[in-house]
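S.K.:
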Amino acid sequence: MRGQTWTRRTVALGGALLSAVVLGQVALSGPVAAVPGLQFRTTVGPSNSVAKSQNAVCPTGTSVIGGGGAISGSGLGQVGMDIVQPLANAGLYSVTGREDPNGVAGNWSLTASAICAPAPSGLEVVTGHSAVNSVNPKFLELFCPVGKRAIGGGGAAVGSGASDVLLEDLRIGQNSVTVAGVEAGNAFAGNWSVDASVICVDPLPGEQRVIVDSSDNSTASRAVTATCPAGKSLHGVGGEIVGGEGQVRLTEMRPTSSTTATVRAAEDENGFSGNWKVRAYAVCAT
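If you're matching positions, the sequence shown starts at 775 in our numbering and goes up one per residue.
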């Protein structure tokens, strides 16, 4: 596609990124402004107790510029949404969920959401991979080329086949994305790594980042929504757990309308005695 550059890297996920079952596309809204032809797509997968992935696929002629996912059902604090990644060359956003090593008795499902548009000016996706070792926690920041802005991205925390390392942060800065991972309960004995991707474009009209925190306390779960100002539309989503010490898992981080990004998290089955909060990032433009 003319004027569009993909920086592509093949990521070895140790078999954890599973083939997805896509049950259908649902548009959250019609085309909106800012990036011409901006559209939202979401898919909901089967409800069962096995590790699984779910893809939200962009329409033909459009590219993925952001997205996210959610977990619904039983054992929310024991199911890790540990891989949330745009697959640029495939035009989709992919989410993978896995139970912790203790397993969950009930069923749960995955929702994947994609923000799609005809390729914006300067569209480029940069990906990276941390070292594979036992250092805890891990942080990986990727930068856009000079002059470009970060509007979306993705991340993964990869250990064994279970959710024994957690994707804790996906922070979207003005020209970078930072991914943070932490061992579940700060107690994983093996080696692990984090992946990151940043979706970059030329500056957008009226570009603005809205960052909103939830309450900071010791309740078992919480959620927060970042809303774009009037006249602006959502172009990218990020989220972060502040505190939690490896005992809190992201259960939702996705666009919930054409103007809102919602982030949720829940403590694991052992609970967490300290205070923590979640933070939502919305990249907005006119």
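Each residue gets a CB set at the ideal place from its N, CA and C atoms; glycine is no exception.
So for residue 850, helix, strand or coil by DSSP?
M.R.: If DSSP states are grouped into helix, strand and coil, residue 850 belongs with the helices.
S.K.: What's the C-alpha gap between residue 1057 and residue 1019?
M.R.: Approximately 27 Å, taken between the alpha carbons.
S.K.: Cβ atoms of residue 854 and residue 945: under 8 Å apart, would you say?
M.R.: In this structure, residue 854 does not lie closer than 8 Å to residue 945 by Cβ.
S.K.: Whole angstroms are fine: how far does the CA of residue 901 sit from the CA of residue 947?
M.R.: In a straight line, the C-alpha of residue 947 is about 16 Å away from that of residue 901.
S.K.: Run through DSSP, which three-state label would residue 814 get?
M.R.: If DSSP states are grouped into helix, strand and coil, residue 814 belongs with the strands.
S.K.: So the candidates are 969, 1021 and 928; which of them puts its Cα closest to the Cα of residue 1055?
M.R.: Here the closest residue by C-alpha is 928.
S.K.: Taking Cβ positions, are residue 895 and residue 815 nearer each other than 8 Å?
M.R.: For residue 895 and residue 815, no; Cβs fall outside 8 Å.
S.K.: Using 10 angstroms around the beta-carbon of residue 990, count the other beta-carbons present and answer buried if the total reaches 16, otherwise exposed.
M.R.: Exposed: under 16 other Cβ atoms inside 10 Å.
S.K.: Given a cut-off of 8 Å, decide if residue 882 and residue 846 are closer than it, judged by their beta-carbon atoms.
M.R.: In this structure, residue 882 lies closer than 8 Å to residue 846 by Cβ.
S.K.: Specify, as a first and last residue, the run of the beta strand (DSSP E) that residue 915 falls within.
M.R.: Run containing residue 915: 912–917, per the beta strand (DSSP E) assignment.
S.K.: Report the partner residues of residue 826 according to the DSSP bridge assignment.
M.R.: The partner list for residue 826 (beta bridge, DSSP) reads 871.
S.K.: Below 8 Å, can you find three or more Cβ-Cβ pairs linking the segment 907–918 to the segment 1026–1042?
M.R.: No contact exists between the segment 907–918 and the segment 1026–1042.
S.K.: Would you please verify whether the beta carbon of residue 884 is less than 8 Å from any beta carbon of chain B?
M.R.: Absent from the structure: chain B. Only one protein chain is present.
S.K.: If you reduce the DSSP assignment to three classes, tell me which class residue 1004 lands in.
M.R.: Coil.
S.K.: When you compare the CB positions of residue 957 and residue 939, do they come within less than 8 Å of one another, or not?
M.R.: Yes, these two residues count as a Cβ contact at 8 Å.
S.K.: Compare the C-alpha of residue 931 against each of 995, 1037, 893 and 964 and name the closest.
M.R.: That would be 964, whose Cα lies nearest to the Cα of residue 931.
S.K.: Going by the CB atoms, is the gap between residue 899 and residue 865 shorter than 8 Å?
M.R.: The answer is no: Cβ separation not under 8 Å.
S.K.: Could you tell me which uninterrupted beta strand (DSSP E) segments, each at least 3 residues in length, are contained entirely in the segment 921–948, listed from first to last along the chain?
M.R.: Correct list: 923–932 and 939–946.
S.K.: In or out: residue 836 buried (at least 16 other Cβ within 10 Å) or exposed?
M.R.: So residue 836 ends up on the buried side.
S.K.: When you compare the CB positions of residue 827 and residue 870, do they come within less than 8 Å of one another, or not?
M.R.: For residue 827 and residue 870, yes; Cβs fall inside 8 Å.
S.K.: Find out if the Cβ-Cβ distance for the pair residue 1007, residue 812 is shorter than 8 Å.
M.R.: Result yes, Cβ atoms of residue 1007 and residue 812 sit closer than 8 Å.
S.K.: To which residues of the same chain is residue 950 closer than 7 Å at the C-beta, ignoring the five residues directly before and after it?
M.R.: Counting only Cβ-Cβ distances below 7 Å, and skipping sequence neighbours, we find 915, 916, 917, 918, 924 and 972.
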